[in-house]
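The structure appears right after this line, and notes come after that.
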Amino acid sequence: MLETLQHLRIRFPRWVIAWGLYITDAIFAFFAFYTVLIPLLSRGEHYSQFDLFLIFGLGQVFLGIVFLPLNLYRSEPTVSRFYEIQQIVKVTFMIALVAVFVDALTPNTWPLSAQEMLRYWFALSMSLVASRWIFRTIQKYLLTKGFGLRKTIIVGINDRGFQVAKNITSHMNQGFDLLGFVHSDDDPEIDGSHDIHVIGHEKDLKSIILENQISEVIVAPIVLDHTHVTRIVTRANGSPVSIKIVPDLHEVISGLARTEQIYGIPLIQVNPNLETVYNTIVKRFLDLLISIPVLIISSPLWIITSAIIKIDSRGPVFYKQDRVGKLQKHFIIYKFRTMFENAEQLTGPVWASEEDTRITRVGRILRRFRLDELPQL
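Under the numbering used here, read the sequence shown as residues 139 to 515, first letter to last.
See the structure below:
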């Protein structure tokens, strides 16, 4: 059964790994909470079972908020267990120190003494250490069985590319599923001594990525320069991939590089996923924080504009357009209608000029002051 599933090359989305880490942490953290904190809290004031679970739940939410921007829910299997554990111990210790410091400045803030808080910190940190060690060990084991591998291609058919391929195939627990090689512009002629699978040429990199659902692109050219790297990144532009470079020049793209290695081969990660889960949540929060008040304040203008559009010409108040966004996904945007109804039936979707006869009288005013874009809030 396991061998059958292995051939399916099941991949886990990043959010599955992140949630798996969060839930596993919570399960192990509850052990520390139940064995250490509950007995301490039960000595004085009476806490109901609901109160205790509420305290635990809020504590886990707080840890999640702290861990998320620190990349402690990373899905990459190349994450060092020792490094991750070290970071968790440091972060939880800093939280404990802050709690002790606050208690020293404002006595009786917490129902625990400083010594008891440090005792709970030790139990919690050891629980999280066990959680991460077990989770990452299982993750690496599943990778060796073909679960969660990321489809990978190597750009560069040369000795450096062959060495990377050898290390990838020898260490499956690094999470790379090598599909084959892509011809680089500066590759020498293939001498036939290597049994390799060539997928295509560098100029077709984007289509190769999309057609094969590639997650990782490893660039291993003979000579690496700024122009070559820029060309490769441009050709993969907009694709949901991580680009890693076997470096000669280790400052190729400053500010967007992150280093890691495949068993001794150093790699520089270019074009990392800068839009983390944390950034996405913050962006969405700010979108709502700004949009909702603006919508409330501008609601009278919406009502007046809608009424004038209906009075001026026949047709709906709003006009919708199909647009292409990130990862080639289609979405609908809405605008106030500025043209006569069915204006594009004869001409099709073409750019409107200032003297375009399809534009209504009210539409000219709306376009002039960009008020037709207001519904996009």
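Think of the CB as a built atom: it goes at the ideal place given N, C-alpha and C, for glycine as much as any other residue.
Have a look at the DSSP bridge pairing and note the partners of Tyr185. Beta-bridge pairing links Tyr185 to no other residue.
Taking Lys304 and Ile352 to be in contact with their CB atoms under 8 Å, please state how far apart those CB atoms are, rounded to whole angstroms. The Cβ separation is near 20 Å, so there is no contact.
Under 8 Å between the Cβ atoms of Ile334 and Val355? In this structure, Val355 does not lie closer than 8 Å to Ile334 by Cβ.
What distance in whole Å lies between the Cβ atoms of Glu349 and Ala370, which are believed to be in contact at a cut-off of 8 Å? Here residue 370 turns out to be Ile, not Ala, going by the sequence shown. The beta carbons of Ile370 and Glu349 sit about 18 Å from each other, so the pair does not count as a contact at 8 Å.
Where the alpha helix (DSSP H) containing Phe231 begins and where it ends: Arg219 to Leu243
Suppose you measure from the CA of Ser437 to the CA of Val462; what does that come to, to the nearest Å? 28 Å
Under 8 Å between C-beta atoms of Val432 and Leu515: yes
Asp163: buried (16+ other C-beta within 10 angstroms of its C-beta) or exposed? Asp163 is buried by the Cβ-count criterion.
Anyone know if the C-beta pair for Asp315 and Leu287 falls short of 8 Å? yes
Using the Cα positions of Gly318 and Lys458, report the straight-line distance between them to the nearest angstrom. 43 Å
Proximity winner among Thr498, Arg257, Ala156 and Leu243, relative to Pro215 (alpha-carbon distances): Ala156
The segment 259-271 / the segment 210-229 touching (three or more Cβ pairs under 8 Å): Taking one beta carbon from each stretch, the segment 259-271 and the segment 210-229 have 3 or more pairs nearer than 8 Å; the two touch.
Go through its chain and collect everything with a Cβ distance to Ile306's Cβ below 6 Å, but skip five positions before and after it. Phe314 and Leu316
Boundaries of the alpha helix (DSSP H) in which Asp163 is found, first to last residue: Arg152 to Ala170
Under the DSSP definition of a beta bridge, which residues are partnered with Ser380? Glu354, per the DSSP bridge assignment.
Using C-beta distances below 8 Å, list every residue in its chain close to Val204, excluding the 5 sequence neighbours before and after it, in chain order. Val229 and Ile233
Near Leu208, which residues of its chain fall below 8 Å by C-beta distance, leaving aside the five closest residues on each side in sequence? Gln225 and Val229
Could you give the first and the last residue of the continuous beta strand (DSSP E) run that contains Lys304? From DSSP, Lys304 is part of no beta strand (DSSP E) but of the alpha helix (DSSP H) over Asp297 to Ser308.
Nearest-angstrom beta carbon gap, Thr173 and Ala261 [assumed within contact, 8 Å]: 7 Å
If you follow the alpha helix (DSSP H) that Gln253 is part of, which residue opens it and which one closes it? Its alpha helix (DSSP H) spans residues Ala252 to Thr282.
Quick one: Cα of Leu387 to Cα of Trp248, how far? Confidence at Leu387 is low in this model, with a pLDDT of 44, below 50, so its placement is unreliable and no value can be given for it.
Backbone secondary structure at His468 - three-state DSSP: DSSP places His468 in strand when its eight states are reduced to three.
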